[in-house]
Each structure stands twice: as C-alpha cells, then as structure tokens.
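Here the structure comes first, spelled out in structure tokens, and everything after it is commentary.
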Amino acid sequence: MPKNFGPGPGAYMLPTTIGFDKHDISRYRNPQYTMRPRCGGGGKPFGPGPQYTIETVTRYGKVTPPCYTLSPVLKGLAPFKTPGPGTYSPEKVPRMKDPRPPAYSMACRLQGLKRFNTPGPNQYAVPTTLGPKVPNKPSAAAYTMAAKLDMKGQPKSPGPAQYGGINAEVYKTRAPLYTMSGRHGGSSKQASPGPAAYLPLMGGHNPGGISFGRVCDRQPYITADDQLPCID
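Convert by adding 4 to the 1-based position in the sequence shown; the result is the number in my numbering.
Encoded structure:
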C-alpha cells in the first residue's frame, strides 16, 4: 500500500504562464502559439507581407500616442458700445408746444398670433370596442374577411351537368329535316342548233357516191392449196 494518501502535483490548478487569459501576474508571460493546418498555395495573397512594424500592435489594436489639436486664438469679447452724447441731435426736434404733423413709421409685417393648438378628438387613442378588449364596455361582433380557399380533397368525379342529354328523336317520332341548297347557275348561253338546223326528209340511207381516183390492179390472194397438182 502507498504511504502517502494525499493529492499529487497534478491535482492543483495553478494559473497558466502562457498567453493573456488567466495569466499569473507574478510569472513571466510566455507567448501563446496556435497551430493550424497549412493553407493551400497559389492564388493572390490575403494581405501585405512583413513590411509593417508590429512592435506597437497588441491584440487590442495599435498603441498610438495622444494627439493634440492647435486651434486659432479667439478674439476677446468687446464691451457693449453705447452711444455717446454727441450721437444725438436734440436741436432737430421740433418744439413740443407747437402743433406738428403726425409721423408714421413703416415696419415689417408681423406674423399673426398663433392660436393654441389643442388636439382634436381623433388625436386620442381610444381603445376599440370590437371584440373583448375593453372590460367595462359591451363588445361588438368582430368579423374577419379572408380570401376564398380551395377545398382540399374534393371529389374529382364529374357532376350531373357534365353528361349530355339524350336526343328526343331517338325514342320519339323524328321531325322532317329540310336541306336548303344553293342557287344553281342559269342555262348555258352557248349557241346550240335549233330544230330548223336539221333536215328530217333526208334522214334515210344515203347510197355510196362516185369518187374519182386511180384504179389499182390487185394481185389475187394465193394460198398453199393453189400450188397442189391437179388430179385427173
């Protein structure tokens, strides 16, 4: 059996000395590296190379010194310049005991006084009485109008109006049917011979006439029997 029953060194959770998170402030902070897979080469680079100084860059941003702004010198406030006694000309004022014509001054037109814009009755948001929304008021009926929805699962069989009616001429006496044809053309205007063009008296047999021509001698038709010798 082991002699020591206490916890080992691995049982104590000491603060880390790597990185910023939960770092032991009494120890030197070592850099914290991250191992990632190697990216495929080729293509355009994702950023500039090591041409910038990164000594003043931390994980919270770049450390910059304070910047000051130089503004111009403002002029001092001058005291209120009141007019002196030499500014007035009392000798130009007419005598007060003598009559004088009225003097008018022309000034710009002033804007009229605006009335107090009190809100009208429609400016107050009064709760509606449609539906159960006001506890101390009788609620009116609230209706909702929606679009007509197509009924699902309706039968696809044809209705009675899809079948045509039976023709009554199948089982009843058929009415007569008439056909109207188009108008025929008139008789032909071709000149045909009339009755006077025929000679019924000369309709008998006409004997052969005499024709003048050259008389040709015809040789007699000789057959094989004509060549046989004569038998006495």
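Note that the Cβ used here is the ideal one computed from N, Cα and C, for glycine as well.
Apart from the five residues just before and just after residue i, which ones in its own chain have a Cβ nearer than 6 Å to its Cβ?
i	result
A146	L134 and G135
I22	N34 and Q36
P162	none
If I measure Cβ to Cβ from residue i and keep anything under 8 Å in the same chain, skipping five residues before and after, which residues do I get?
i	result
V138	P131 and T132
Y72	none
P98	R104
H27	P19, T20, T21 and R33
E173	A179
T11	Looking at the sequence itself, residue 11 is Pro, so the reference to Thr does not match. Contacts found: none.
In whole angstroms, give me the CA-to-CA distance for residue i and residue j.
i	j	result
R119	V77	47 Å
S268	P87	Outside the shown range of the chain (5 to 236) lies residue 268, about which nothing can therefore be said.
Y128	T122	12 Å
I170	P180	19 Å
K79	K85	16 Å
L18	P69	36 Å
T183	G168	26 Å
T177	P199	53 Å
P94	S75	48 Å
N140	M149	27 Å
P125	K152	38 Å
D154	S143	32 Å
A15	D25	21 Å
I58	P13	39 Å
G186	Y175	33 Å
T227	S196	55 Å
R40	F9	42 Å
R113	Y92	28 Å
Y64	L117	60 Å
K160	Q166	12 Å
V61	I29	21 Å
D102	G90	26 Å
C43	K66	27 Å
Q223	L232	19 Å
P83	Y56	56 Å
Tell me whether residue i sits in a helix, a strand or coil according to DSSP, three-state version.
i	result
V61	strand
A82	coil
Kindly examine the ligand GTP and report whether one of its heavy atoms sits closer than 6 Å to the Cβ of residue i.
i	result
Y32	The ligand content of the structure shown is nil, which means the ligand GTP is not present either.
If you drop the 5 nearest sequence neighbours on each side, which residues of the same chain put their C-beta closer than 7 Å to that of residue i?
i	result
R31	T21
A107	none
Legend entry - Complete runs of the beta strand (DSSP E) confined to the region 91-176 [at least 3 residues]: Taking only runs of at least 3 residues, no beta strand (DSSP E) segment lies wholly in the region 91-176.
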